[in-house]
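Peer 1: Once you know that position 84 of the sequence shown is 105 in this note's numbering, the rest is easy, because the numbers rise by one and skip nothing. Virtual Cβ for every residue (Gly too), placed ideally from N, Cα, C. Right, I'll just put the structure down here and ask away after.
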Amino acid sequence: MGGKQSGPGGAAEAGRREGQPVNGEPMALDDRLCRGWVHRASRAAASLAALLPLGAAHAAWELNMPRGVTLISREAYDQHMLMLWWCVGIGVVVFGAMFYSMIRHRRAAGHAAANFHHNTFAEIVWTVIPVIILVLMAIPATRALIVMEDTSEADMTIKVTGHQWKWRYEYLEDGVDFFSNLAPESREAIYTDAYSREHYLLEVDKEVVLPVGQKVRILLTADDVIHAWWVPALGMKKDAIPGFINELWTRIDAPGVYRGQCAELCGKDHGYMPIVVRAVPSEEYAAWVGEHHAAQAEAAQAALRDWTPDELMARGEEIYITACAACHQQNGQGLPPAFPAITGSPIATGPLDAHLDRVMNGKPGTAMAAFAEQLNDSDLAAVITFQRNALGNDLGDIVQPADIRAAR
Ligand code: HEC
Ligand SMILES: [Cu+2]
């Protein structure tokens, strides 16, 4: 409403509402609307142009959905295209007939309007034809839905759990279990230069590695609120709901890295819980599982010895940035009142027992999760040591993995 030239109300406004010339200038209204349009369009074009040079990531913007790399994604894509072309065909026929008759039988050419009210034949035709079209669409769509829901005869099963704000992946047969967080580089880029990261906010610290060509059954649930697991190239998006298990399956055809993200508004860092699936040949997958087990054994071994303060602080900082900074912030100031500061916090600068308890067992009913099940002994010892001796705190005490073991 209201161009810059005139405020709301007033003679010009009244004139526009009535569609009457204002002050004896018959073209003023159209002229103004027209200028408004041109102005707005050129402004929009300018802001679009300003967006374009923003980086290579934007070159990947596409209008259509990706065809993807699984049976399901291709099925969804092909049906989407099939129905799009049907719609185009229907549009051409309907609008063609409409415009043809509007132009061909216009009054200016001497045609008089027909005057009929009811035509049973036409009504049957325009009911039956759409019904037939819908049934024709429903057949392939139903077939695809049945295939999508069939998780039987899977080669392997992984359980995916949404947490605020990270994903946990458990490979039920292969004994692999880890949390996947937003990569620290991406988190840092939030505060510095988003365009410095090629996959800004779409990179993680640990990728989900899956073997190509194998049917993977995915059990999907959540720990706190509803999340949704969504990887476009796999043609999959489903809600992860606390207390329920949803099932999906995938069989990835081609090795590659496929990115996605949480697709259910799940709180403050909803935009910061990406998914990265790396599909690799079976041998590479087996090697990855082996490496994972070796790393786990090494971590278990490392938890048996005493760590130096420097080791604890260095590891503690890494853990703090990936696992704690989302809420308590990188500088330890938190976001009060929702997320308390660690700097000067009564617990992080108070008795050690209470600090261990809060980090290991969390605080039920708040966003502070129980990290005892999410981090191993060394990582817990390191991050607690870090909180007590960095971010403005300076207690001078350190926590060893053995202390955590004793507190479990
Ligand atoms: C999802 C958000 C979130 C994350 C991630 C998180 N916390 Fe917290 N944390 C909280 C909230 C909320 C509280 C306040 C709980 C309460 O009401 O007492 C809290 C409280 C604390 C406190 C007590 C502060 C005080 O003085 O009351 C400590 C210590 C703490 N967290 C450590 C950690 C550590 C260590 C990590 C990472 C391993 C971590 N937190 C990750 C949300 C979070
Ligand atoms: Cu989420």
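1. The alpha helix (DSSP H) with L9 in it runs from where to where?
2. Give me the residue from R128, V380, G196 with the minimum Cα distance to A428.
3. Under 7 angstroms Cβ to Cβ from G337, same chain only, skipping five residues before and after it: list those, please.
4. Answer yes or no: do V21 and M169 have a C-beta to C-beta separation smaller than 9 angstroms?
5. Would the C-beta of Q185 count as close to ligand 1, meaning under 8 angstroms from any of its heavy atoms?
6. Would you say the beta carbon of A249 comes nearer than 8 angstroms to a heavy atom of ligand 2?
7. To the nearest angstrom, how far is it from the Cα of H184 to the Cα of V152?
8. Looking at A344 and F392, is the spacing between their C-beta atoms short of 9 angstroms?
9. Examine ligand 2 and report whether any of its heavy atoms sits within less than 8 angstroms of the Cβ of G288.
10. Starting from W82, follow its DSSP beta bridges and name the residues at the other end.
11. According to DSSP, what are the bridge partners of G281?
12. Just grab the DSSP bridge partners of E268 for me.
13. Check R88 in the structure and name its three-state DSSP category.
14. Terminal residues of the continuous alpha helix (DSSP H) containing S201?
15. Using 9 angstroms as the threshold, is the C-beta distance between C287 and W188 below it?
16. Could you give the DSSP three-state label for M389: helix, strand or coil?
17. Straight-line CA distance for V181 to V149?
18. What would DSSP say about F120, mapped onto helix, strand or coil?
19. Does the beta carbon of M294 fall short of 8 angstroms from some heavy atom of ligand 2?
20. Taking all protein chains shown into account, decide if E96 is buried (16 or more other Cβ within 10 angstroms of its Cβ) or exposed.
21. In three-state terms, what does DSSP make of L325?
22. When DSSP builds the beta bridges, which residues end up paired with H291?
23. T91: which of L84, D99, V420 sits nearest, CA to CA?
24. So what does DSSP say about F360, is it helix, strand or coil?
25. For G183, which of helix, strand or coil comes out of DSSP?
Peer 2: Let me lay it out:
1. Lying before the first or after the last residue shown, residue 9 is absent from the chain, which here runs from 22 to 429.
2. V380
3. A403, V404, T406, F407
4. Residue numbering for the chain in the displayed model covers 22 to 429; residue 21 lies beyond these limits and cannot be assessed.
5. yes
6. yes
7. 44 angstroms
8. yes
9. yes
10. In the DSSP output, where bridge partners are listed per residue, W82 has none listed.
11. I296
12. L240
13. coil
14. Where S201 is concerned, there is no enclosing alpha helix (DSSP H), although the beta strand (DSSP E) it sits in stretches over 197-201.
15. no
16. coil
17. 45 angstroms
18. helix
19. yes
20. buried
21. coil
22. Bridge partners of H291: none, in fact.
23. D99
24. strand
25. strand
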